[in-house]
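Novice: My numbering puts the first residue of the sequence shown at 1237, with every later residue one more than the last. Where is the CB? At the ideal position from N, CA and C, for every residue including glycine. Fair warning: this is a prediction, and the values are worked out from it, not measured in the lab. The following block contains the structure, expressed as structure tokens.
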Amino acid sequence: MAIQSFFKDVSYGENVTITVMSNDEISKEVRIVFKTGQEMSEHKAPFPISVMTLKGSIAFDYDDESLVLESGDMIKLDAHVVHALKAREDSIVQLTLNKNDTIKRVEGVETH
């Protein structure tokens, strides 16, 4: 058993940064670091996911709805729900994936 810190070695760079924090037989935990204004374009997951803003503020669009996820806010999405994220300020997001989902899929989402 090891402690993982989502706040250690964080860098707000020129690109959205995706880091696998944990990958076990139950789920995959992913840290996504956004600098203000950076975004992940519309995409969807083949399995249910949860997205939690650990720090900052994220504009979260899904199914023609828009909301803001502030620090501590979490949303759960069913499989195949189209969604997009944009950082309203420097932000750290925790993404929880189904164990059968792939990190390559997340890394393949268009960011800018």
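Quick one: give me the first and last residue of the beta strand (DSSP E) that V1329 is part of.
Specialist: Residue mapping note: residue 1329 aligns to position 93 of the sequence shown, counting from 1. Unbroken beta strand (DSSP E) run through V1329: S1327 to N1334.
Novice: Using the beta-carbon count (16 or more within 10 Å), is V1318 buried or exposed?
Specialist: Working through the sequence shown from its first residue, we reach residue 1318 at position 82. The residue is exposed, with fewer than 16 neighbouring Cβ atoms inside 10 Å.
Novice: Along the chain, where does the alpha helix (DSSP H) that runs through R1341 open and close?
Specialist: Locating residue 1341 in the sequence shown gives position 105, where the first residue counts as 1. Counting along the chain, the alpha helix (DSSP H) containing R1341 begins and ends at I1339 to E1343.
Novice: According to the neighbour-count rule (16 or more other Cβ atoms, all chains shown, within 10 Å of its Cβ), is D1314 buried or exposed?
Specialist: Residue 1314 sits at position 78 when you count from the first residue of the sequence shown. It is exposed - the Cβ of D1314 has fewer than 16 other Cβ atoms within 10 Å.
Novice: Taking the alpha carbon of S1258 as the point to measure from, which residue in V1287, V1266 and V1252 has its own alpha carbon closest?
Specialist: In the sequence shown, residue 1258 corresponds to position 22, counting from 1. That would be V1266, whose Cα lies nearest to the Cα of S1258.
Novice: Going along the chain, which unbroken runs of the beta strand (DSSP E) with 3 or more residues stay wholly within the segment 1271-1304?
Specialist: Runs of the beta strand (DSSP E) inside the segment 1271-1304: 1275-1279, 1285-1291 and 1293-1298.
Novice: Just how far apart, CA to CA, sit M1237 and G1292?
Specialist: Walking along the sequence shown from the start, residue 1237 turns up at place 1. Walking along the sequence shown from the start, residue 1292 turns up at place 56. Going by the C-alpha atoms only, they are around 28 angstroms apart.
Novice: Could you check the C-alpha separation between E1346 and I1239 for me, to the nearest Å?
Specialist: To locate residue 1346, count along the sequence shown from 1; it is residue 110. To locate residue 1239, count along the sequence shown from 1; it is residue 3. About 30 angstroms.
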